[in-house]
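These protein sequence lines map, in sequence, to chains A and B. So that you can map any letter, position 19 of the first sequence is 45 in this note's numbering, and since no number is skipped, the others follow by simple counting. So that you can map any letter, position 95 of the second sequence is 96 in this note's numbering, and since no number is skipped, the others follow by simple counting. Each residue gets a CB set at the ideal place from its N, CA and C atoms; glycine is no exception. All of these numbers come straight from a predicted model, not from anything done at the bench. The next block holds one structure in the form of structure tokens; read it before the comments.
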Amino acid sequence: MLEQELKFYQDNLEAWLTSFPGKFVVVKGNELIGLFDTIDAALSAGARRFGLNSFLVRRVEQTPVEIRIPALTLGLISANP
Amino acid sequence: MPTLNIQYGGEQQAPDGSKTPVPPSAALMVRGPVIQVTLSVAQSIAEQLVQQGKTLPEPVSGLALIDTGASTTCIDDEAAKKLELPIINVVNMASATDASSSRNVYPVLIEIVGTPIKVNANGAIGANLSAQGLVVLIGRDVLLGFTLFYNGIMGQITLSL
Numbered sequence: 027m028l029e030q031e032l033k034f035y036q037d038n039l040e041a042w043l044t045s046f047p048g049k050f051v052v053v054k055g056n057e058l059i060g061l062f063d064t065i066d067a068a069l070s071a072g073a074r075r076f077g078l079n080s081f082l083v084r085r086v087e088q089t090p091v092e093i094r095i096p097a098l099t100l101g102l103i104s105a106n107p
Numbered sequence: 002m003p004t005l006n007i008q009y010g011g012e013q014q015a016p017d018g019s020k021t022p023v024p025p026s027a028a029l030m031v032r033g034p035v036i037q038v039t040l041s042v043a044q045s046i047a048e049q050l051v052q053q054g055k056t057l058p059e060p061v062s063g064l065a066l067i068d069t070g071a072s073t074t075c076i077d078d079e080a081a082k083k084l085e086l087p088i089i090n091v092v093n094m095a096s097a098t099d100a101s102s103s104r105n106v107y108p109v110l111i112e113i114v115g116t117p118i119k120v121n122a123n124g125a126i127g128a129n130l131s132a133q134g135l136v137v138l139i140g141r142d143v144l145l146g147f148t149l150f151y152n153g154i155m156g157q158i159t160l161s162l
């Protein structure tokens, strides 16, 4: 899911880091739909155009925020007691 | 300040079939701090759909586990599908069984039943939670705005926004 959008994001990340670091981008296919200061604004813009269809929303940043969910990563959420 | 107080408890069945009360402290210890929630499409998306005259998907109700160990909130993949939530990102996560697996990210609104508390989790990660009877793991991204008291001795939690 979102393979095309993720590739487009990666291909353009370096340029975007120079032009608008920290902004939220909305991407659909190989098109940059817009730049936004908040994720809420990005979601609104995406939904206005694509409704409940999927679209990529990502912050323009070199290193994504690390996600730590031990219950999932350690398999605890599905472990039998 | 909207506040939710929960006193945990329950009953257990003895070998002779009789039922005895479970001490609140044990009920909270075994089940964890679970709360009743209703999930729906994130507010910023719902507003756009309403403006366009579209019908919003039916909300999904269930149990949420407050997981202070999780940096990010997770939503059950099946619940996300029922809610027709759009996939807005994909993240890679290591797991005990795979080196890395891709997981979908969804924007969801969590309403805490019995309170006026509504909070958007705009980056909820999809996971299989239904086997545990859960629809959501509430992580620290949502707890950021809350005060949480965990009273293990009394078998109570208090959540305030």
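(request) Decide yes or no for the touch test of the region 28-43 of chain B against the region 58-76 of chain B: beta carbon pairs closer than 8 Å, at least 3 of them. (result) yes
(message) Applying the 10 Å Cβ sphere with the 16-neighbour rule, what's the burial state of A71 of chain A?
(response) Locating residue 71 of chain A in the first sequence gives position 45, where the first residue counts as 1. With 16 or more other Cβ atoms within 10 Å, it is buried.
(request) Say whether chain B places a C-beta atom closer than 8 Å to the C-beta of T89 of chain A. (result) Within the first sequence, residue 89 of chain A is the residue found at index 63, counting from 1. Under the Cβ criterion of 8 Å, T89 of chain A is not counted among the residues facing chain B.
(message) So, under 8 Å CB-CB, I93 of chain A and M94 of chain B are touching, yes? Tell me the CB distance rounded to an integer number of Å.
(response) For the purposes of this step, residue 93 of chain A is taken as the residue at position 67 of the first sequence. For the purposes of this step, residue 94 of chain B is taken as the residue at position 93 of the second sequence. The Cβ separation is near 6 Å, so the contact holds.
(request) Spatial neighbours of A67 of chain A within its chain, please: CB distance less than 8 Å, with the 5 preceding and 5 following residues excluded, ordered by chain position. (result) Walking along the first sequence from the start, residue 67 of chain A turns up at place 41. Setting aside the 5 residues that flank it on each side, A67 of chain A is surrounded in the same chain by F50, each with a C-beta closer than 8 Å to its C-beta; the list follows chain order.
(request) Name, please, each residue of chain C whose Cβ falls closer than 9 Å to the Cβ of D78 of chain B. (result) The structure shown contains no chain C; its protein chains are A and B.
(message) If I measure Cβ to Cβ from P107 of chain A and keep anything under 6 Å in the same chain, skipping five residues before and after, which residues do I get?
(response) Indexing the first sequence from 1 puts residue 107 of chain A at position 81. The predicted position of P107 of chain A is uncertain, since its pLDDT is 48 and thus under 50; a value taken from the coordinates is nonetheless stated next. Excluding positions up to five away in sequence, the list is empty.
(message) Between P96 of chain A and chain B, is the shortest Cβ-Cβ distance under 8 Å, so that the two count as touching?
(response) Numbered from 1 along the first sequence, position 70 holds the residue referred to as residue 96 of chain A. Yes, because at least one Cβ of chain B sits closer than 8 Å to the Cβ of P96 of chain A.
(message) With a threshold of 8 Å between beta-carbons, can N56 of chain A be considered close to chain B, or not?
(response) Here residue 56 of chain A corresponds to residue number 30 of the first sequence, with the count starting at 1. For N56 of chain A, the answer is no, since every Cβ of chain B falls outside 8 Å of its Cβ.
(request) Using only alpha-carbon positions, find the residue among B:L57, B:A15, B:A27 that is nearest to Y9 of chain B. (result) Looking up residue 9 of chain B in the second sequence gives position 8. The option with the nearest alpha carbon to Y9 of chain B is B:A27.
(message) Considering only the alpha carbon of each residue, which of B:E59, B:K83, B:I111, B:V51 lies closest to T74 of chain B?
(response) Indexing the second sequence from 1 puts residue 74 of chain B at position 73. Of the candidates B:E59, B:K83, B:I111, B:V51, the one whose C-alpha sits nearest the C-alpha of T74 of chain B is B:I111.
(request) Pull up the DSSP beta-bridge partners for Y151 of chain B, would you. (result) Taking the second sequence and counting its residues from 1, one reaches residue 151 of chain B at position 150. Beta-bridge pairing links Y151 of chain B to B:I158.
(request) Could you tell me which residues DSSP pairs with F46 of chain A in its beta bridges? (result) By one-based count along the first sequence, residue 46 of chain A stands at place 20. Among the bridge pairs identified by DSSP, F46 of chain A is matched with none.
(message) Distance cutoff 8 Å, beta carbons only. Does L138 of chain B sit that close to anything in chain A?
(response) Translated into positions along the second sequence, residue 138 of chain B becomes position 137. True, the Cβ-Cβ gap to chain A drops below 8 Å.
(request) Compute the distance between the beta-carbons of G153 of chain B and M2 of chain B, then report whether it is under 8 Å. (result) Sequence index remark: in the second sequence, residue 153 of chain B carries index 152 (1-based). Sequence index remark: in the second sequence, residue 2 of chain B carries index 1 (1-based). Taking 8 Å as the Cβ cut-off, G153 of chain B and M2 of chain B do not qualify as a contacting pair.
(message) Counting only Cβ-Cβ distances shorter than 9 Å, please list the residues of the region 33-56 of chain B near chain A, keeping chain order.
(response) V42, A43, Q44, S45, I46, A47, E48, Q49, L50, Q52, Q53, K55
(request) Select from the region 53-82 of chain A all residues with a C-beta closer than 8 Å to any C-beta belonging to chain B, and list them in chain order. (result) I65, D66, A67, L69, S70, G72, A73, R74, F76, G77, L78, N79, S80, F81, L82
(message) Using only the alpha-carbon positions, how far apart do S41 of chain B and D17 of chain B sit?
(response) Counting from 1 along the second sequence, the entry for residue 41 of chain B is found at position 40. Counting from 1 along the second sequence, the entry for residue 17 of chain B is found at position 16. Roughly 44 Å separates the two Cα atoms.
(message) What would DSSP say about P107 of chain A, mapped onto helix, strand or coil?
(response) Within the first sequence, residue 107 of chain A is the residue found at index 81, counting from 1. In this prediction, P107 of chain A scores a pLDDT of 48, lower than 50, which makes its location untrustworthy; the coordinate-derived value is nonetheless stated afterwards. Looking at P107 of chain A - three-state DSSP - the assignment turns out to be coil, as it is neither helix nor strand.
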